[in-house]
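A.B. asks: Here the sequence shown stands for residues 2 to 249, where the numbers follow the numbering used here. Glycine residues also receive a C-beta, built at the ideal position from the N, C-alpha and C atoms. Pasting a structure here, questions to come.
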Amino acid sequence: MADGTGIEWTEATWNPTTGCDRISPGCDNCYALTLAKRLKAMGNPKYQDDGDPRTSGPGFAITEHPFALDIPRRWSAPRLIFVDSMSDLFHARVSSSFIRDVFQVMEETPRHTYQLLTKRPRRAARMARELPWPSNVWLGVSVETSEQLWRLDELRRVPAATRFVSAEPLLGSLAGLDLSGMHWLIAGGESGPKHRKLDPAWVRELRDACTDQDVAFFFKQWGGRTPKSNGRELDGQVWDEMPAPTRA
2 MADGTGIEWT
12 EATWNPTTGC
22 DRISPGCDNC
32 YALTLAKRLK
42 AMGNPKYQDD
52 GDPRTSGPGF
62 AITEHPFALD
72 IPRRWSAPRL
82 IFVDSMSDLF
92 HARVSSSFIR
102 DVFQVMEETP
112 RHTYQLLTKR
122 PRRAARMARE
132 LPWPSNVWLG
142 VSVETSEQLW
152 RLDELRRVPA
162 ATRFVSAEPL
172 LGSLAGLDLS
182 GMHWLIAGGE
192 SGPKHRKLDP
202 AWVRELRDAC
212 TDQDVAFFFK
222 QWGGRTPKSN
232 GRELDGQVWD
242 EMPAPTRA
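And the structure:
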């Protein structure tokens, strides 16, 4: 966990699970996989189990951390919290009982707002009826290219009060994007030594779609060798829109 983070659209991170597996093009240069390898070498106990080398890597096996469940309860001041920045809570190898435990913590701490981001919304939709969905729990899906647009349809099946889309890293045009049922969209380019170039036209398409469909738009970065290499301005403006606040 981190009380404070460099991620522009949140205030803290909380990782009740760690680890994941690559399943779509946006995972190719996964920052979390690279960081997990480094944390394993440093001896961090949360990152000692290796994932499948074909889809994961050193220190990046899916691992549940029951000891981390109480962390948000100890934070007395309200925070905007990104859940599982180093994992995917709806991964098939995270037990249903542990997912329920995580949701119980979120339900019992309405002073915080929780942002869950998944590439596995089908499981979220299947489990939706057995989970509480207080208004302080947001759910989002990653959409890197048009091939992942089906994830929005699954997200619409989930009764989250706030639903959002993360088009980061944006790897292709999402022209004609239907944002019905969505409240927020984050867009951004890839960073790192193997970053793939972001076409400004793709970003403008998303900004205009958000404007036309009354969805909050947040442009995180152009990307490059480092996240801040090319700044955050789009047509001379910084876009930091957030969805309307919701509280349980």
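(1) Should the region 149-158 be regarded as contacting the region 186-196, the criterion being three or more beta carbon pairs within less than 8 Å?
(2) Taking the Cβ atom as the reference point for each residue, do PHE61 and ALA37 lie within a distance shorter than 8 Å?
(3) Alpha carbon to alpha carbon, what distance is there between ASP102 and ASN45?
(4) Please say whether LEU175 and GLU148 have beta carbons closer to each other than 8 Å?
(5) If PHE91 and THR119 are in contact, beta carbons under 8 Å, what's the gap, nearest whole angstrom?
(6) Would you tell me roughly how many angstroms separate the C-alpha atoms of ASN137 and PHE165, rounded to the nearest one?
(7) Leaving out five residues on either side along the sequence, give the residues of the same chain with a beta carbon under 6 Å from the beta carbon of LEU178.
(8) How should PRO170 be labelled, buried or exposed, when 16 other C-beta atoms within 10 angstroms of its C-beta is the threshold for buried?
(9) Per DSSP, what kind of secondary structure is GLN49 in: helix, strand or coil?
(10) With 16 as the cutoff for other CB atoms within 10 Å, does VAL204 come out buried or exposed?
(11) Bridge partners for ARG164 per DSSP, in chain order?
C.D. replies: According to the structure shown:
(1) As far as the Cβ criterion goes, the region 149-158 does not touch the region 186-196, which means the pair count is below three.
(2) For the 8 Å CB-CB criterion, PHE61 and ALA37 form a contact.
(3) Answer to the nearest angstrom: the Cα atoms are 24 Å apart.
(4) No. Outside cutoff.
(5) Taking C-beta atoms under 8 Å as the contact rule, PHE91 and THR119 qualify, at a distance of about 5 Å.
(6) Between ASN137 and PHE165, the C-alpha separation is close to 13 Å.
(7) Answer for LEU178: ALA210, listed in chain order.
(8) That one is buried.
(9) Assignment of GLN49 by DSSP, reduced to helix, strand and coil, places it in the coil class.
(10) So VAL204 counts as buried.
(11) ARG164 is bridged to LEU140.
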